[in-house]
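Taking my numbering, the leading residue of the sequence shown gets 7, the next gets one more, and so forth.
Heads up, the beta-carbon is just placed ideally off N, CA and C, and yes, glycines get one too.
For clarity, every value in this text was computed on a predicted model and none was experimentally measured.
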Amino acid sequence: MGYIEWTDSLSVGVELFDKQHHKLVDMVNELYDALVSGRTNDVMGEILERLIDYTVEHFRSEEEYFNKYGYPFSKRHKQEHDSLTEEVFSLKEKFFKGDVTISYETMTFLQEWLQKHILESDMDYKAFFNGKGVY
Ligand SMILES: [Fe+2]
Ligand SMILES: [Fe+2]
7 MGYIEWTDSL SVGVELFDKQ HHKLVDMVNE LYDALVSGRT NDVMGEILER LIDYTVEHFR
67 SEEEYFNKYG YPFSKRHKQE HDSLTEEVFS LKEKFFKGDV TISYETMTFL QEWLQKHILE
127 SDMDYKAFFN GKGVY
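#1: Within the same chain, show all residues whose beta-carbon is closer than 7 angstroms to that of F79, passing over the 5 residues directly before and after it, in chain order.
#2: Quick one: residues with CB closer than 6 angstroms to any heavy atom of ligand 2, in chain order, please.
#3: Specify whether the region 16-35 and the region 44-58 touch according to this definition: at least 3 beta carbon pairs, one from each stretch, less than 8 angstroms apart.
#4: Please report the residue range of the alpha helix (DSSP H) in which K132 lies.
#5: Taking buried to mean at least 16 other C-beta atoms within 10 Å of its own C-beta, is D128 buried or exposed?
#6: Which residues in the same chain have their Cβ closer than 8 angstroms to the Cβ of Y9, if we skip the five residues on either side of it in sequence?
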């Protein structure tokens, strides 16, 4: 079982975004496993970078759909993406400077950072997209 368990309660009702979220969950779990098994900073840094790159790609996908279908809460949602991106970029910078390590505390931060956004903000577009025939 992973650090974050993928369950249907995380499903936002749009297959593409579920797949992307699942991949993000997998990467957070991969980082957690690396921490638990005492992998090197190089290994953890590589996972962190991959997680951040994919996050940027995922946010872009959601925003493209917002524009394409005229999602009414697009502005607020994009602002949240921007601040979430800033948070992980700042973590990455501190990590590579050696100011922070990947610790259990860092993992709790990443877990909340990802889950909270999916459950609170992404979930809000479920009914909208499904109403447009997008699943
Ligand atoms: Fe989002
Ligand atoms: Fe998302």
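On the basis of the coordinates in this document:
#1: D130
#2: F23, H27, H64, E68, I124, D128
#3: yes
#4: 132-137
#5: buried
#6: V34, N35, Y38, D39, M113, Q117
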